[in-house]
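Step one of this worksheet: look at the structure below.
Protein chains: 2
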Amino acid sequence: MAQQEGPQRRPSIHDVASHAGVSAATVSKVLAGVTTVRPENAQRVFDAVELLGYRVDPLASDMRRAKRRIIGAIMPEFESEFFGQMVTELEGLAEQRGFTLVAASSRESETREKEILARMHDWRVAGVVLAPVRNEHGPAAAFMKANGMTGVLIDRVLSDDAFDTVSADSAAASAEVARMLIGKGHSHILVIGLAEQAATVRARLEGFRAQALALDPSVRIDVITSEVSVEPLRSSLRDYFARGERPTAVYSLLLKGTLVALSEFRRRGWHCPNDISLVGFDDAEWMQVTWPAIAAVVQPVRQIASEAMNLLFRRVEGAVGPPTARLEPCQVLMRESVGSPGSGPHSGGGDRQMPPLS
Amino acid sequence: MAQQEGPQRRPSIHDVASHAGVSAATVSKVLAGVTTVRPENAQRVFDAVELLGYRVDPLASDMRRAKRRIIGAIMPEFESEFFGQMVTELEGLAEQRGFTLVAASSRESETREKEILARMHDWRVAGVVLAPVRNEHGPAAAFMKANGMTGVLIDRVLSDDAFDTVSADSAAASAEVARMLIGKGHSHILVIGLAEQAATVRARLEGFRAQALALDPSVRIDVITSEVSVEPLRSSLRDYFARGERPTAVYSLLLKGTLVALSEFRRRGWHCPNDISLVGFDDAEWMQVTWPAIAAVVQPVRQIASEAMNLLFRRVEGAVGPPTARLEPCQVLMRESVGSPGSGPHSGGGDRQMPPLS
DNA sequence: TGTAATGGATAAATCGATTTTTCGCTGTTG
DNA sequence: CAACAGCGAAAAATCGATTTATCCATTACA
Numbered sequence: 016m017a018q019q020e021g022p023q024r025r026p027s028i029h030d031v032a033s034h035a036g037v038s039a040a041t042v043s044k045v046l047a048g049v050t051t052v053r054p055e056n057a058q059r060v061f062d063a064v065e066l067l068g069y070r071v072d073p074l075a076s077d078m079r080r081a082k083r084r085i086i087g088a089i090m091p092e093f094e095s096e097f098f099g100q101m102v103t104e105l106e107g108l109a110e111q112r113g114f115t116l117v118a119a120s121s122r123e124s125e126t127r128e129k130e131i132l133a134r135m136h137d138w139r140v141a142g143v144v145l146a147p148v149r150n151e152h153g154p155a156a157a158f159m160k161a162n163g164m165t166g167v168l169i170d171r172v173l174s175d176d177a178f179d180t181v182s183a184d185s186a187a188a189s190a191e192v193a194r195m196l197i198g199k200g201h202s203h204i205l206v207i208g209l210a211e212q213a214a215t216v217r218a219r220l221e222g223f224r225a226q227a228l229a230l231d232p233s234v235r236i237d238v239i240t241s242e243v244s245v246e247p248l249r250s251s252l253r254d255y256f257a258r259g260e261r262p263t264a265v266y267s268l269l270l271k272g273t274l275v276a277l278s279e280f281r282r283r284g285w286h287c288p289n290d291i292s293l294v295g296f297d298d299a300e301w302m303q304v305t306w307p308a309i310a311a312v313v314q315p316v317r318q319i320a321s322e323a324m325n326l327l328f329r330r331v332e333g334a335v336g337p338p339t340a341r342l343e344p345c346q347v348l349m350r351e352s353v354g355s356p357g358s359g360p361h362s363g364g365g366d367r368q369m370p371p372l373s
Numbered sequence: 016m017a018q019q020e021g022p023q024r025r026p027s028i029h030d031v032a033s034h035a036g037v038s039a040a041t042v043s044k045v046l047a048g049v050t051t052v053r054p055e056n057a058q059r060v061f062d063a064v065e066l067l068g069y070r071v072d073p074l075a076s077d078m079r080r081a082k083r084r085i086i087g088a089i090m091p092e093f094e095s096e097f098f099g100q101m102v103t104e105l106e107g108l109a110e111q112r113g114f115t116l117v118a119a120s121s122r123e124s125e126t127r128e129k130e131i132l133a134r135m136h137d138w139r140v141a142g143v144v145l146a147p148v149r150n151e152h153g154p155a156a157a158f159m160k161a162n163g164m165t166g167v168l169i170d171r172v173l174s175d176d177a178f179d180t181v182s183a184d185s186a187a188a189s190a191e192v193a194r195m196l197i198g199k200g201h202s203h204i205l206v207i208g209l210a211e212q213a214a215t216v217r218a219r220l221e222g223f224r225a226q227a228l229a230l231d232p233s234v235r236i237d238v239i240t241s242e243v244s245v246e247p248l249r250s251s252l253r254d255y256f257a258r259g260e261r262p263t264a265v266y267s268l269l270l271k272g273t274l275v276a277l278s279e280f281r282r283r284g285w286h287c288p289n290d291i292s293l294v295g296f297d298d299a300e301w302m303q304v305t306w307p308a309i310a311a312v313v314q315p316v317r318q319i320a321s322e323a324m325n326l327l328f329r330r331v332e333g334a335v336g337p338p339t340a341r342l343e344p345c346q347v348l349m350r351e352s353v354g355s356p357g358s359g360p361h362s363g364g365g366d367r368q369m370p371p372l373s
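Residue numbers (our numbering), protein chains in the order written: chain X, 16 to 373; chain V, 16 to 373.
Here it is, written out as structure tokens:
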């Protein structure tokens, strides 16, 4: 109620200083918690701060330091639950440490990814959490390296020779999926994915294949991948089914693939798990309310975010040493979309009231 | 290849100035496009910029101006497709204008919302796009008002006496849903929602009710709302069904409600649209691949984002005048989850191979 | 020829903090 | 009593840009 200035200009440190009858330097020290200030002066500073409603301008405050209290986050997209949660977590963790998070979406484009990174470099961010579009060997990581930026790579990475990496343990999770599917008696399994994300997808694929073959050397594993977008994947899948292939289970290595698989199933009038079983990498809220509920690999978002921030701040504070590559364990949620083969009519629809096509 | 400094310190405007043999002021003018500079000097500046790889430090650049080239965005959450797309759009639009977007999630908390806003005020952001947790009358909007901040309110708002507002035309969309449901012959409809978001939810509810009653005065419309979270809504819904209520259609006023409805349906072994029809406000990618596909109201995210940014920048550039309240038209996607009542067995499951409970 | 107007560029002030240097004062010591 | 150490606080430099004030040459005009 003792406000004297209009809503236009905010009080600066000098306003506080003159109100408290001290210098700006003293105000700065008091607020920074320096103890070599006479208690009565400190009190007058606190009073003035209170009276004026003074708050430090983070922009001005950051001017004089080389590493600013800003963390950049670059995600391939914001539309999925995974990256949405990731940004939420990262933002909270940055805030806890008094940092501001600036997040941007590369929209699955490596070109844009690098542009964003360059802009963050302009801001002299203290560090970057980068979830690369492709993998750890893209132009963005190279840019960071070339410019001596500190950062952590997450999600679509395995390990790097310059940056700490944190990602879900895709291989282990895929192996578990394999155990479960083989355990249910599946002997012909189709794996679908996008090959672009190289390292990660390969890890998932190999983790799955190795475990499946170890448990049942006679298992048949088909693989369909597409290079760029999901549409080619969709048509490949359609062709695959059209030429009579009838796997008893599908394991999708990514969320969009799960959606494609589901829509192709419904196009053919197949139901899970009687006609075919389905497991997808990446969980989503809707998967537990659909009928049937979709089995999925749940990525440990909080752990990845938390570990990434820990590693990042360690580097920001000057830690040296070889980069670490962390793999956080996933959880496999078996739901109704997975069953044993042959327990239901394995044919093209007809026994349902739903129309096979929309 | 002509880099001379290590990856540590970046060149400043003074480095460029000395390389070009001019003053820093001249460099600044050249880069700002001022024409009163001798062409040859301008050229030397450009050459030096090129040679050193100089880029303006946005933080330092913003120091001297009252309104900084930063836009704040506050969303209730990042996990849903709607807000994910919204942030992506807003970020792109801000970037187009040379602004940096700082986004934060209020995590559905008005307290946090205000804290974030205060922090953005500390940054002296030029403007804020606020999607309030509750409605336009919350503490965050009051804070903006009290501090003379410029901003736009979106999504869970209708109109405000201080800020421009942009939201989906919920009422019109709901009226269209009513037309479609009544048109299909539904005469007992349940509407579910969260009452917290007052204005918006009320608009949706009233838009629906008015149109439904206009078309069929004898229609029975039940309403279940919950104040705070979705769990009370779930149990209310469960009670409602448990005491024998059998509406022929459910209209959910929000995405989470759609999920709750779906999970309660499957709990009881009901299938859409034979046992019950379902329409939800807010579309999601998965809704078109499930079986049945879920009918939904699609919000015009791009238009809302674009209009919000237009209005915001108009204000940032000093436009005065009474606030405008925009309503962007939605699209209603009728999908298989909606049918005519009585066209299928209306009872508790038993005719399916899926177990009713997970 | 003297003075005013003008073009083009530099020096200096500014933004709001932090950090380093300097300074004044008190109390101790040789 | 002079020199010195120590403490607090003020003054000044700094961060990297932008903007204003200033200045030096020309050129124009009386």
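For every residue, glycine included, the Cβ atom is placed at its ideal position computed from N, Cα and C.
*asked:* With a threshold of 8 Å between beta-carbons, can Gly-364(X) be considered close to chain V, or not?
replied: Residue placement at Gly-364(X) cannot be trusted, given a pLDDT of 38 that sits under 50; what the coordinates show is reported in the next sentence. Chain V contact via Cβ: absent.
*Mind the definition here: the region 313 to 330 of chain V touches the region 104 to 116 of chain V only if three or more C-beta pairs lie below 8 Å; say whether that holds.*
yes
*Pro-73(V) versus chain X: which residues are under 7 Å apart at the beta carbon?*
Ordered by position in chain X, the residues that pass the 7 Å Cβ test against Pro-73(V) are Asp-137, Trp-138.
*Does the Cβ of Asp-297(X) have 16 or more other Cβ atoms within 10 Å, making it buried, or fewer, making it exposed?*
buried
*Arg-149(V) versus Ile-169(V), Gln-314(V), Ala-276(V), residue with shortest Cα-Cα distance*: The residue with the shortest Cα to Cα distance from Arg-149(V) is Ile-169(V).
*Can you give me the Cβ contacts of Phe-97(V) inside the same chain, cut-off strictly under 7 Å, excluding the 5 residues immediately before and after it?*
Cβ within range, chain order: Asp-297, Gln-314, Val-316.
_I need the boundaries of the beta strand (DSSP E) containing Leu-293(X), first residue and last residue._
292 to 296
_Can you confirm whether the region 186 to 193 of chain X touches the region 216 to 231 of chain X when touching is taken to mean that 3 or more C-beta pairs between the two stretches lie within less than 8 Å?_
yes
*asked:* Would Lys-82(V) and Val-331(V) qualify as a contact pair, given that the criterion is a beta-carbon distance under 8 Å?
replied: yes
*Nearest candidate by alpha-carbon position, reference Gly-36(V), set Val-49(V), Gly-48(V), Glu-55(V)*: Glu-55(V)
_Whole beta strand (DSSP E) elements within the region 218 to 300 of chain X, 3-residue minimum_ = 235 to 241, 264 to 267, 292 to 296
*asked:* Between the alpha carbons of Asp-254(X) and Gly-208(X), how many angstroms are there, rounded?
replied: 15 Å
*Excluding the 5 residues preceding and the 5 following Tyr-69(X) in the sequence, name in chain order all residues of the same chain whose CB lies nearer than 6 Å to its CB.*
Pro-26, Val-31
_Within the region 65 to 142 of chain X, ranges of the alpha helix (DSSP H) (whole runs, at least 4 residues)_ = 73 to 78, 96 to 111, 125 to 137
*Give the DSSP-derived three-state secondary structure of His-203(V) in the structure shown.*
strand
_Using the three-state DSSP reduction, which class does Gly-357(X) fall into: helix, strand or coil?_
coil
_Candidates Glu-94(V), Gln-100(V), Met-101(V), Arg-112(V), of which the one nearest Glu-104(X) by Cα_ = Glu-94(V)
*Assuming Ile-291(X) and Thr-263(X) make a contact with CB atoms under 8 Å, what is their CB distance in whole Å?*
7 Å
*Can you list the residues of chain V that Val-31(X) reaches, using a CB-CB cut of under 7 Å?*
What Val-31(X) touches in chain V: nothing, since even the nearest Cβ is about 14 Å away.
*In the DSSP assignment, what residue or residues form a beta bridge with Ser-182(X)?*
Leu-342(X)
*asked:* So the candidates are Thr-339(V), Ala-190(V), Trp-306(V), Gly-357(V); which of them puts its Cα closest to the Cα of Arg-261(V)?
replied: Gly-357(V)
*List the DSSP bridge partners of Gly-336(X).*
Its beta-bridge partners do not exist; DSSP assigns none.
*Taking a cut of 8 Å between CB atoms, which residues from the region 68 to 96 of chain X lie near chain V?*
Arg-70, Val-71, Asp-72, Pro-73, Leu-74, Ala-75, Asp-77, Met-78, Ala-81, Arg-83, Glu-92, Phe-93, Glu-94, Ser-95, Glu-96
*Should the region 230 to 247 of chain X be called in touch with the region 302 to 312 of chain X, which here means at least 3 C-beta pairs below 8 Å?*
no
_Members of the region 199 to 226 of chain X near chain V, C-beta cut-off 7 Å_ = Here the close residues number zero.
_Check whether chain V comes within 8 Å of Arg-317(X), counting only Cβ atoms and requiring the distance to be less than that._
no
*asked:* If I follow the unbroken alpha helix (DSSP H) through Leu-168(X), where does it start and stop?
replied: Note, Leu-168(X): premise wrong, no alpha helix (DSSP H); beta strand (DSSP E) at 166 to 169.
*asked:* Quick check on DSSP: helix, strand or coil for Leu-372(V)?
replied: In this prediction, Leu-372(V) has a pLDDT of 33, which is less than 50 and means its spatial position is unreliable; what the coordinates show is noted afterwards. Leu-372(V) falls in the coil class under three-state DSSP.
*Are the CB atoms of Val-265(V) and Arg-249(V) nearer to each other than 8 Å?*
no
*Give the C-beta separation of Pro-288(V) and Glu-191(V) to the nearest angstrom, bearing in mind that I take them to be a contact with Cβ-Cβ under 8 Å.*
Not confirmed; about 18 Å, so no contact.
*asked:* Counting only beta-carbon separations shorter than 8 Å, does Arg-283(V) have a partner in chain X?
replied: no
*DSSP on Val-37(X), reduced to helix/strand/coil?*
coil
*What is the DSSP secondary structure of Gly-153(V), reduced to helix, strand or coil?*
coil
*Name the one or two DSSP bridge partners that Leu-209(V) has.*
Looking at the DSSP assignment, Leu-209(V) forms a beta bridge with Ser-241(V).
*By the 10 Å Cβ neighbour count, where 16 or more other Cβ atoms means buried, how is Pro-370(V) classified, buried or exposed?*
With a pLDDT of 37 at Pro-370(V), under the threshold of 50, the predicted position of this residue should be treated as unreliable, though the coordinate-derived value follows. It counts as exposed.
*Neighbour-count burial assignment, Pro-73(V), 16 or more Cβ in a 10 Å radius*: buried
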